[in-house]
Amino acid sequence: MTEKKNRREKKNPREAKVTFEGLVTEALPNGMFRVQLENDTIILGYISGKIRSSSIRILMGDRVKIEVSRYDSSKGRIIYRLPHKDSKRMEDSKDSEDLKDSEDSKD
1 MTEKKNRREK
11 KNPREAKVTF
21 EGLVTEALPN
31 GMFRVQLEND
41 TIILGYISGK
51 IRSSSIRILM
61 GDRVKIEVSR
71 YDSSKGRIIY
81 RLPHKDSKRM
91 EDSKDSEDLK
101 DSEDSKD
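Okay, so the sequence shown: first residue is 1 according to the UniProt record's numbering, each after it adds one.
Here it is as structure tokens:
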């Protein structure tokens with residue numbers, strides 16, 4: 001039998017997204033947040049429906065995974081909140097570095 005040559009391939013919409021990790025720097029109204037990515041880019045993030053329905057709280061200082069579209073990299077969807085122990089490690093390492101620097105400067 002004959003096949004159609006001009007079939008459109010179905011594209012997975014998730015292929016057009018890139019996932020980053022970042023730090024929530026500011027909480028805005030309506031479930032919006034400013035997130036600073038690891039490459040120091042600040043983007044506007046909103047809570048995904050799964051997080052919203054699970055009543056997961058996201059606060060300033062939380063580390064999150066955010067899904068960003070390749071077409072509009074200024075906005076993203078927060079898809080996961082990383083455990084606090086991971087974010088504490090990052091803060092503790094920064095604090096310990098600051099303490100070492102201040103002790104070195106005193107000498």
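Every residue, glycine too, gets a C-beta built ideally from N, C-alpha and C.
Outcome for G76 when other beta-carbon atoms lying within 10 angstroms are tallied against a minimum of 16:
Taking the first residue of the sequence shown as 1, we reach residue 76 at position 76. Buried, since its Cβ has 16 or more Cβ neighbours within 10 Å.
Please specify which runs of the beta strand (DSSP E), each continuous and at least 3 residues long, are wholly inside the UniProt domain "S1-like" (8–83), giving them in chain order.
DSSP runs (the beta strand (DSSP E)) wholly in the UniProt domain "S1-like" (8–83): 17–28, 32–37, 42–47, 63–69, 75–81.
Rounded to whole angstroms, how far is the Cβ of G45 from the Cβ of F33, which I believe are closer than 8 Å?
By one-based count along the sequence shown, residue 45 stands at place 45. By one-based count along the sequence shown, residue 33 stands at place 33. Between G45 and F33 a beta carbon distance of about 5 Å is seen, short of the 8 Å cut, so the two are scored as contacting.
Apart from the five residues on each side of it in sequence, which residues of its chain come closer than 7 Å, Cβ to Cβ, to M60?
Residue numbering aside, residue 60 sits at position 60 when the sequence shown is read from its first letter. These residues qualify, in order along the chain: V24, T25, E26, A27.
Is V64 near V18, with beta carbons less than 8 Å apart?
Reading the sequence shown from its first residue, position 64 is the one you call residue 64. Reading the sequence shown from its first residue, position 18 is the one you call residue 18. Annotated as distal: V64 and V18, with beta-carbon spacing of 8 Å or more.
Do you know how far the Cα of D62 is from the Cα of L37?
As a first step, residue 37 is located in the sequence shown; it is residue number 37 there, counting from the start. As a first step, residue 62 is located in the sequence shown; it is residue number 62 there, counting from the start. L37 and D62: Cα-Cα distance of roughly 12 Å.
Near I43, what residues of its chain come up, given a Cβ to Cβ distance below 8 Å and the 5 sequence neighbours on each side ignored?
Here the question's residue 43 lines up with position 43 in the sequence shown. Close CB contacts of I43 within its chain, under the 8 Å cut and outside five residues either way in sequence, are with G22, R34, V35, L37, I66, V68, S73, S74, K75, G76 (chain order).
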